[in-house]
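Trainee: Residues 19 to 553 in our numbering are what the sequence shown lists, from first letter to last.
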Amino acid sequence: MVIRKPYAFLIKNFRWIHFLIFLLLTYVSIKSFDIYNFFNEYASKHFYINTIDLAAEYISFLIFLAVILAILLSSIIYYILSIKKKDRKTYIFLCIYYIVLFIYFMYFLTVFQGLQYTALDNESVRILRDVSLIMLIPQLGFLFIILGRALGFNVRQFDFKKDLEELEIDASDYEETEITLGKNNYKISRFIRKVLRYTKYFVLENKFLVTISSSVVILIISLLVLVNLRVYSVNYEENQAILANALWYNAEQTYVTNTDINGKIITKGKYYLLVRIKVSNNTSRKLTLSRNTFRLEVNGEKLIPKFSLADKFMDIGETFSPTEISPGIEKYYVIVFEIDKKDIKKEYIFNIRNYDNETFGNIETEYKDIIVKPLSLDGENDTGKYAPPIDIKFEGTVLGKTSMHISSYELAPIFKEKYKYCDSKGECYDSTYIVKPETTSKGSLSILKIKSTIIVDGDLYMKKHMKNPSDLYKYYATLKYRYQGVVKTVDLGVIETNFESEKYSYLEVPSELEEANKIEIILSIRNIKYTIVLK
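1) Report the rounded CA-to-CA distance for F162 versus T136, giving the unit in angstroms.
2) So what's E256 in DSSP terms, helix, strand or just coil?
3) Specify, as a first and last residue, the run of the alpha helix (DSSP H) that S570 falls within.
4) Q258: buried (16+ other C-beta within 10 angstroms of its C-beta) or exposed?
5) Is it right to say P345 is buried, meaning 16 or more other beta carbons lie within 10 angstroms of its own, or is it exposed?
6) State the CB to CB distance for the pair W266 and N300, rounded to an integer number of angstroms; the pair is presumed to be in contact (CB under 8 Å).
7) Between D278, I295, R294, which has its C-alpha nearest K288's C-alpha?
8) Taking 8 Å as the threshold, find out whether the segment 476-494 comes into contact with the segment 328-338 through three or more Cβ pairs.
9) Report yes if the CB atom of V527 is closer than 9 Å to the CB atom of S464, and no otherwise.
10) Hey, how far is the Cα of Y350 from the Cα of E75?
11) How long is the line joining the alpha carbons of V118 and S339, rounded to whole angstroms?
12) Tell me which same chain residues have a C-beta within less than 6 Å of the C-beta of N317, skipping the five on either side of it?
13) Within its chain, find whatever has a CB closer than 7 Å to the CB of A18; leave out the 5 residues flanking it on each side and keep chain order.
14) So, L305 versus E342, is the Cβ gap smaller than 9 Å?
15) At 4 residues or longer, what runs of the alpha helix (DSSP H) sit wholly inside the segment 487-544?
16) Whole-angstrom Cβ separation of I164 and L43, contact assumed at under 8 Å?
17) Does the beta-carbon of A168 have 16 or more other beta-carbons within 10 angstroms, so that it is buried, or is it exposed?
18) Take C113 as the anchor and find which of D358, P156, T507 has the nearest alpha-carbon.
19) Leaving out five residues before and five after A328 in sequence, what residues of the same chain have Cβ atoms less than 6 Å from its Cβ?
20) Do the segment 352-370 and the segment 383-403 meet, that is, are 3 or more Cβ pairs less than 8 Å apart?
21) Please report the distance separating the alpha-carbon of L133 from that of K282.
22) So, at 6 Å on beta carbons, what are the nonlocal neighbours of L395 in its own chain, with the 5 sequence-adjacent residues on each side left out?
23) Report the three-state DSSP secondary structure of F130 (helix, strand or coil).
24) Thinking C-alpha only, which one of F412, Q271, G397, I410 is nearest I353?
25) Our contact map puts Y439 next to Y427 with C-beta atoms below 8 Å; I'd like the distance itself, whole angstroms only.
26) Check each candidate in K521, N268, Y493, N516 and name the one with the smallest Cα separation from L510.
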């Protein structure tokens, strides 16, 4: 195989090589100025609006690639000039400086990642601003030097024939070297000694080139390790604020269940993982949450959310479906994933999409991963029995700080409630509000009247569905009683009335309840049980 020595080619294309280096250094300088400008504004305003992923915005793989290429090209030029005994100090300084700059970008990558979650004090910001300015100034000097040499070696335009003659291009620069490839019978040990000897000679004769090449390899390995540790291998925890695709997320709590709000099994053999999450839009524009925003990793697959189960998990929160988040708005959603019973485990990886369109050079991952550890809402945790009058606090359940006071109860076939009715003229009359069973298909029914009040936790999404005690009975209560020695359990039918609904609840019950010797109302707040003993 014949290989032509590249010396003459590289020397004659000196101008174009310098122009390429100039483009690389220009890109790096622009990004360096952006970094300086960020910290300069931060130092002067003492705050910044965190609406983007700072690390992805200011540091990308393209920066590191441009620096590495600039170092490699400069080291090649240095090597050529050293062979021709030409001045090469500029390229030594350029290589050394951009190796330092590479390390500078690696450090600032970690700084920007930290800034997403923790603000810096004023002194630290000023130090970072000054460092970024110090690192920017030499780049401008190198830009002018490299640009001048790129223009100066345009031989046809500027007739730099003398410069080319001084490069002493001779016949040896066009020599052809023949290399024989194939099998040989040399001993392995002799071959190894020969390789080691030539390697030693090469290293001793080309210390600078070897040093630069080794430095580049070490920098690349360091960058890969850093990115792997700080970007690709990062797993976030629940209740940790995360910035992804310009939105802030916080996965506050995760549940797993196979029942709905009424305690009924939704689908046999299926369970539902519920991730309650807070989403904040701190930008000045509307942002979209799509069906691709969230994923759940199960057995190597990425599951998409279910959107059709909103009425099953009202007490957990508003079920997520594709929507837009307006500027300055903070919303809470429950992301619902359907899984098989066999896939239930202690923890899962919940994915939040980090960017919609893959950007060349983006240093960030497509998804950010959160380790979620679901709390089971199944089974039964009996809190004991309560007899009116009694105050019940539902802390520790999905109802949060909701509380209830039950005063008394009455049982009758019909209730005639007396009240004052006032017309538009201000004249008032005694009137009667009649409450009787509304359902005719359940046989003989009576009315169970319960005097109670409720204070609903103001932070609950469920608050708009639970305006009075009757709503709590409708979603969570069942009736258990003993009649003629037989224990029975039935659902309660709530009668909607306009008569002091914030104080009285009217429930349809079997008429035989009037002769029962034991009456209990069972409140099942998901997996937590409260037994109200009426009789």
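The C-beta atom is built at its ideal place from N, Cα and C for all residues, glycine as well.
Mentor: In terms of the structure at hand:
1) As a first step, residue 162 must be located in the sequence shown, where it is residue number 144. As a first step, residue 136 must be located in the sequence shown, where it is residue number 118. Rounded to the nearest angstrom, the two C-alpha atoms are 38 Å apart.
2) Numbered from its first residue, the sequence shown carries residue 256 at position 238. Coil at E256, not helix or strand.
3) Nothing about residue 570 can be read from this structure; the chain reaches only from 19 to 553.
4) Translated into positions along the sequence shown, residue 258 becomes position 240. Using a 10 angstroms sphere on the CB of Q258, the tally of other CB atoms stays under 16, which defines it as exposed.
5) Residue 345 sits at position 327 when you count from the first residue of the sequence shown. Exposed is the call here.
6) For the purposes of this step, residue 266 is taken as residue 248 along the sequence shown, with counting starting at 1. For the purposes of this step, residue 300 is taken as residue 282 along the sequence shown, with counting starting at 1. Correct: roughly 6 Å between the Cβ atoms.
7) Sequence index remark: in the sequence shown, residue 288 carries index 270 (1-based). Taking only the C-alpha atoms, the option nearest K288 is D278.
8) Because the criterion of three Cβ pairs below 8 Å is met, the segment 476-494 and the segment 328-338 touch.
9) Here residue 527 corresponds to residue number 509 of the sequence shown, with the count starting at 1. Here residue 464 corresponds to residue number 446 of the sequence shown, with the count starting at 1. For V527 and S464, yes; Cβs fall inside 9 Å.
10) The residue labelled residue 350 in the question sits at position 332 within the sequence shown. The residue labelled residue 75 in the question sits at position 57 within the sequence shown. The straight-line gap from Cα to Cα measures roughly 27 Å.
11) Taking the first residue of the sequence shown as position 1, residue 118 is located at position 100. Taking the first residue of the sequence shown as position 1, residue 339 is located at position 321. Distance between the alpha carbons of V118 and S339: 48 Å.
12) On the sequence shown, residue 317 is found 299 positions in, with the first residue counted as 1. So no residue of the chain qualifies.
13) Because the chain here runs from 19 to 553, residue 18 falls outside it and cannot be looked at.
14) Sequence index remark: in the sequence shown, residue 305 carries index 287 (1-based). Sequence index remark: in the sequence shown, residue 342 carries index 324 (1-based). Note that the C-beta distance between L305 and E342 is below 9 Å.
15) Runs of the alpha helix (DSSP H) inside the segment 487-544: 487-494.
16) Stepping through the sequence shown from its first residue, residue 164 is reached at position 146. Stepping through the sequence shown from its first residue, residue 43 is reached at position 25. For I164 against L43, the beta-carbon gap comes to about 6 Å, under 8 Å, which counts as contact.
17) Here residue 168 corresponds to residue number 150 of the sequence shown, with the count starting at 1. With 16 or more other Cβ atoms from the protein chains shown falling within 10 Å of its own Cβ, A168 counts as buried.
18) By one-based count along the sequence shown, residue 113 stands at place 95. Among D358, P156, T507, the Cα nearest to that of C113 is on P156.
19) On the sequence shown, position 310 is the one that residue 328 refers to. Cβ contact annotation for A328 (same chain, cutoff 6 Å, sequence separation greater than five): T337, in chain order.
20) By the C-beta criterion, the segment 352-370 is judged to be in contact with the segment 383-403, since at least 3 inter-stretch pairs fall below 8 Å.
21) Position 115 of the sequence shown, counted from the first residue, corresponds to residue 133. Position 264 of the sequence shown, counted from the first residue, corresponds to residue 282. The straight-line gap separating the alpha-carbon atoms of L133 and K282 is approximately 46 Å.
22) By one-based count along the sequence shown, residue 395 stands at place 377. Excluding residues within five positions, the ones whose Cβ falls inside 6 Å are Y273, T275, R544, N545.
23) Position 112 of the sequence shown, counting from 1, holds the residue named residue 130. F130 falls in the helix class under three-state DSSP.
24) By 1-based counting over the sequence shown, the position of residue 353 is 335. Checked all of F412, Q271, G397, I410; the closest Cα to I353 is Q271.
25) For this step, residue 439 is matched to residue 421 along the sequence shown. For this step, residue 427 is matched to residue 409 along the sequence shown. Wrong, their Cβ atoms sit about 27 Å apart, outside the cutoff.
26) By 1-based counting over the sequence shown, the position of residue 510 is 492. Here the closest residue by C-alpha is Y493.
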